[in-house]
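Heads up: the protein sequence lines correspond to chains X and Y, in order.
Quick note on this note's numbering: the first sequence kicks off at 6 and runs consecutively.
Quick note on this note's numbering: the second sequence kicks off at 6 and runs consecutively.
Glycine is no exception: its CB is placed at the ideal position from the N, C-alpha and C atoms.
Remarks on the structure that follows.
Number of protein chains: 2
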Amino acid sequence: MINTISVMLVDDHAVVRAGYRLLLTQSSDIKVICEAERGEEACQLYGLHRPQVVVMDLSLPGIGGLATVRRLIARDPNARILMFSIHDEPAYVVRALEAGAKGYITKSCAPEILVEAVERIAGGQNYLEHEIAQKLALQTGTTAQSSSLNSLSAREFDVFCLLAKGYTTREVAEELRLGYKTVANYTTLIKSKLSVNTSAEMARLAYRHGLIAS
Amino acid sequence: MINTISVMLVDDHAVVRAGYRLLLTQSSDIKVICEAERGEEACQLYGLHRPQVVVMDLSLPGIGGLATVRRLIARDPNARILMFSIHDEPAYVVRALEAGAKGYITKSCAPEILVEAVERIAGGQNYLEHEIAQKLALQTGTTAQSSSLNSLSAREFDVFCLLAKGYTTREVAEELRLGYKTVANYTTLIKSKLSVNTSAEMARLAYRHGLIAS
DNA sequence: CCACTTTCGGGAAAACTTCCCTAGCGAGGA
DNA sequence: TCCTCGCTAGGGAAGTTTTCCCGAAAGTGG
């Protein structure tokens with residue numbers, strides 16, 4: 006056993022975090038040094054504690070997981086982030102990796118996988134859960150782009166997700182710390198790219214692509 | 006065998022209608038005398054042919070099944086309408102019956118059920134598929150109102166469904182032949198009744214209640 | 001008959017969207 | 001290196017929509 010791996014957990018449910026902590030500390034070389042509930046908090050704590058690995062839920066309240074990854078990477082391009090999500094849809098995986106995450110596993114994976122993923126990522130490698138890697142490979146292998154969602158830029162995608170979740174333009178602007186007009190402009194652009202007219206249609210699209218939970 | 010029962014089929018898919026027609030004509034006392042794709046068309050044809058029974062899909066393009074039922078009943082309060090839907094959610098069933106439908110069966114029912122339902126309804130009786138009747142009974146038996154959707158009036162519900170489907174205010178107004186301002190006002194009212202802020206949230210609600218297909 | 005609810009919409013003010021334009025920044029190619 | 005292109009971010013003006021408040025007709029139940 007070499008050095009201890011310091012980990013920050015980011016998930017909005019305290020109970021869930023507690024569970025992860027237990028799981029992770031099964032391995033004596035991993036230590037959870039801090040926890041955050043929201044993306045904003047995670048960014049602050051990351052600066053303070055500099056954990057070697059961040060284990061983060063993709064579906065965070067507020068700013069959301071993707072934007073958080075981007076913010077962390079912006080602060081520290083070498084940040085090692087493992088996404089831990091209930092979603093196994095390629096759309097999300099691709100976005101997360103593009104945003105700078107080093108790994109992606111789903112919550113349905115075996116407990117050992119979490120530990121293994123953290124260790125691999127701490128070691129500077131990447132980690133993709135097997136099924137996900139396969140899905141992704143198959144998808145990109147066949148048709149170039151699956152959906153119209155791929156025509157959205159990273160930022161547009163952020164805005165899209167929040168709008169589809171039911172955020173108002175104002176709320177999106179606050180969450181992403183953008184100007185109100187910016188979001189309004191993005192919204193128009195997104196609608197035209199996806200050829201929809203209303204945010205209800207966006208929600209529908211998001212559902213179809215499994216980007217929204219319930 | 007007494008008189009032949011004349012039937013009008015209303016469904017937007019030609020193939021599907023063809024299938025129904027075959028099914029129905031298995032019974033020698035049923036005759037399909039006309040077919041319509043949309044609610045508007047159904048209303049016209051009903052006036053022309055006066056079928057004894059209307060077999061109608063709940064999810065029609067445009068105006069939708071519920072509004073069509075209401076329009077038919079407005080023209081002829083004795084119209085005998087059998088709803089034939091993929092949905093077995095109480096929310097829809099209740100609305101359909103309130104609107105004036107005489108029966109409700111789902112597309113997963115056995116073929117004989119369709120014939121039986123038509124015959125029963127032609128005979129002046131009502132017909133509810135067994136599972137549906139049970140669900141409904143259990144639901145209304147336990148808690149008075151299941152969801153906040155029940156606080157919507159019939160018209161509000163129409164508007165809600167179309168908005169959730171992605172219609173713009175303008176489009177809803179056209180479909181329901183209402184003034185633009187009326188729909189805008191309904192929209193505001195609906196949002197407040199359902200305590201949502203955006204149409205995306207409405208879509209979400211509609212999904213949760215199974216009011217939207219895909 | 002009265003009260004209540006539902007349906008329908010007008011008017012004014014506030015909010016939002018759309019369209020067009022500018023500007024910085026980073027990536028990629030000639 | 002320089003140029004171009006796309007992404008990100010937002011301003012201004014005009015147009016559209018939403019909101020809030022109000023009135024009125026029609027139907028319903030007591």
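Identify the contact partners of residue i in chain X, using a Cβ-Cβ distance below 8 Å as the criterion.
i, result
"methionine 207 of chain Y", "Ala205"
"alanine 169 of chain Y", "Ala205"
Taking 8 Å as the CB-CB cut-off, is residue i touching chain X?
i, result
"leucine 157 of chain Y", "no"
"serine 151 of chain Y", "Since pLDDT at serine 151 of chain Y reaches only 48, below the 50 mark, its modelled position is unreliable, and the value read off the structure follows with that caveat. Serine 151 of chain Y does not count as touching chain X."
Along chain X, in chain order, which residues have C-beta atoms closer than 7 Å to that of residue i?
i, result
"asparagine 8 of chain Y", "Those within 7 Å of asparagine 8 of chain Y in chain X number zero; the least Cβ separation is about 46 Å."
Which bits of chain Y does residue i rub up against, with CB to CB less than 7 Å?
i, result
"threonine 173 of chain X", "Asn202, Thr203"
"tyrosine 212 of chain X", "Tyr212"
Kindly give me the distance between the Cβ atoms of residue i and residue j, rounded to whole angstroms, as I take these residues to be in contact under 8 Å.
i, j, result
"glutamine 57 of chain Y", "alanine 101 of chain Y", "Their Cβ separation, rounded to whole angstroms, is 19 Å, which puts glutamine 57 of chain Y and alanine 101 of chain Y out of contact at 8 Å."
"histidine 18 of chain X", "leucine 63 of chain X", "No, histidine 18 of chain X and leucine 63 of chain X are not in contact; Cβ-Cβ is about 13 Å, not under 8 Å."
"glycine 108 of chain Y", "leucine 87 of chain Y", "4 Å"
"leucine 157 of chain X", "threonine 192 of chain X", "That belief does not hold up - the Cβ atoms of leucine 157 of chain X and threonine 192 of chain X are roughly 12 Å apart, past 8 Å."
"threonine 73 of chain Y", "cysteine 48 of chain Y", "7 Å"
"isoleucine 38 of chain X", "methionine 13 of chain X", "7 Å"
"leucine 181 of chain Y", "leucine 199 of chain Y", "Contact flag wrong, Cβ pair sits at about 19 Å."
"alanine 159 of chain X", "glutamate 103 of chain X", "7 Å"
"valine 177 of chain Y", "valine 188 of chain Y", "5 Å"
"leucine 65 of chain X", "arginine 85 of chain X", "Not really, about 18 Å apart at Cβ, beyond 8 Å."
"glycine 171 of chain Y", "alanine 205 of chain X", "5 Å"
"leucine 29 of chain Y", "leucine 119 of chain Y", "7 Å"
"arginine 75 of chain X", "glycine 105 of chain X", "7 Å"
Chain Y beta carbons: is any one of them nearer than 8 Å to that of residue i?
i, result
"methionine 13 of chain X", "no"
"leucine 216 of chain X", "no"
Residues of the region 182–196 of chain Y in Cβ contact with chain X at a cutoff of 7 Å, in chain order, please. none
Which residue spans inside the region 73–149 of chain X form an unbroken alpha helix (DSSP H) run of at least 4? 95–104, 116–127, 135–147
List in chain order: all unbroken alpha helix (DSSP H) runs of 4+ residues lying wholly within the region 141–217 of chain Y. 159–170, 174–181, 185–199, 204–213
Alpha helix (DSSP H) runs contained entirely in the region 13–48 of chain X, provided each spans 4 or more residues: 19–30
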